[in-house]
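Visitor: Numbering (the UniProt record's numbering), first residue to last: 1 to 260. By construction, the Cβ of each residue, glycine as well, lies at the ideal position given by its N, Cα and C atoms. This one's a predicted model, so the numbers in the text were calculated from it and none came from an experiment. My structure is below; once you've seen it, I'll send some questions.
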């Protein structure tokens with residue numbers, strides 16, 4: 001029975017690639033599965049903040065309900081006439097300070113780790129256009145030209161079975177796993193934003209300026225992203241697709257592209 005169900009799932013999706021894909025699902029409220037240490041840190045920080053948020057929300061709700069219950073006019077309860085309490089004011093000033101400090105320390109650690117740059121083995125340059133992305137692998141040159149290509153969204157009429165509407169592109173980015181990568185992001189016209197949720201990357205693409213992101217892919221897969229800066233009428237049609245593959249497969253892909 002389990003085997004029949006598994007075969008049915010594979011047939012339903014149509015392609016094995018879609019089973020490896022990381023993309024937003026219908027009614028998804030949680031994060032996508034992390035593929036980089038940075039995204040793991042973002043998710044862990046989010047869960048830690050929720051711990052404090054729930055404690056504070058429950059405590060405030062308890063105080064509110066308790067006040068409404070015990071100080072209902074129909075009960076004839078006479079409230080205290082005290083309008084100032086030094087100890088109480090010190091407590092409710094110091095306690096939030098410690099909570100903010102407990103939140104700030106891991107937040108700053110994560111921010112610094114996101115900005116930290118390790119000597120990259122591969123550099124990818126992403127250039128935003130109205131309305132598509134172009135990419136350059138500047139580490140590989142042939143006849144003084146870098147390995148470069150444009151990446152357009154596939155129209156719905158060209159989608160194959162199992163491919164994702166508004167997310168598939170004609171040329172995917174290939175990157176190796178377990179390798180330190182650097183992505184340089186810029187724009188040729190207006191503001192764009194290069195964002196891939198599974199990687200924990202969201203970097204603005206500004207005309208005349210190079211922004212940088214460091215990536216270390218921990219697993220293979222297909223990761224989907226989109227432009228996250230309102231850049232014009234076709235802003236919603238600038239998907240990003242990254243295919244993370246083993247280093248040997250990446251080298252083979254680079255070789256085939258250079259030969260072309």
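(1) Say whether chain D places a C-beta atom closer than 7 Å to the C-beta of residue 180.
(2) As a quick exercise: from 155, 163, 232, 176, pick the residue whose alpha carbon is nearest that of residue 123.
(3) Taking only the alpha-carbon atoms, compute the straight-line gap between residue 139 and residue 246 and give it to the nearest angstrom.
(4) What are the boundary residues of the beta strand (DSSP E) that residue 128 is part of?
(5) Can you check which of these residues, 207, 36, 250, 121, is closest to residue 127 by C-alpha distance?
(6) Pop quiz: residue 125 and residue 115 are said to be a contact at Cβ under 8 Å. What is the actual Cβ separation, rounded to whole angstroms?
(7) Identify, in the order they occur along the chain, each residue of the same chain with its Cβ nearer than 8 Å to the Cβ of residue 232, setting aside the five sequence neighbours on each side.
(8) Return yes when the Cβ of residue 42 is within less than 7 Å of the Cβ of residue 200, no when it is not.
(9) Quickly, what does DSSP pair residue 212 with across the bridge? List them, please.
(10) Would you mind stating whether residue 221 and residue 240 have Cβ atoms separated by less than 7 Å?
Guide: Result, derived from the coordinates:
(1) In the structure shown, chain D does not exist; there is a single protein chain.
(2) Numbered from 1 along the chain shown, position 123 holds the residue referred to as residue 123. The shortest Cα separation from residue 123 among 155, 163, 232, 176 belongs to 176.
(3) Translated into the one-based positions of the chain shown, residue 139 becomes position 139. Translated into the one-based positions of the chain shown, residue 246 becomes position 246. Their backbone Cα atoms lie some 18 Å apart in a straight line.
(4) Here residue 128 refers to the residue found at position 128 when the chain shown is read from its first residue. It spans 122-129 - the beta strand (DSSP E) in which residue 128 sits, taken as one unbroken run.
(5) Numbered from 1 along the chain shown, position 127 holds the residue referred to as residue 127. Cα-wise, what sits closest to residue 127 is 207.
(6) Taking the first residue of the chain shown as position 1, residue 125 is located at position 125. Taking the first residue of the chain shown as position 1, residue 115 is located at position 115. No, residue 125 and residue 115 are not in contact; Cβ-Cβ is about 19 Å, not under 8 Å.
(7) By 1-based counting over the chain shown, the position of residue 232 is 232. Excluding residues within five positions, the ones whose Cβ falls inside 8 Å are 130, 131, 190.
(8) If you number the chain shown from 1, residue 200 lands on position 200. If you number the chain shown from 1, residue 42 lands on position 42. Taking 7 Å as the Cβ cut-off, residue 200 and residue 42 qualify as a contacting pair.
(9) Against the chain shown, residue 212 aligns to sequence position 212. According to DSSP, residue 212 bridges with 184.
(10) Residue numbering aside, residue 221 sits at position 221 when the chain shown is read from its first letter. Residue numbering aside, residue 240 sits at position 240 when the chain shown is read from its first letter. Not closer than 7 Å, so no.
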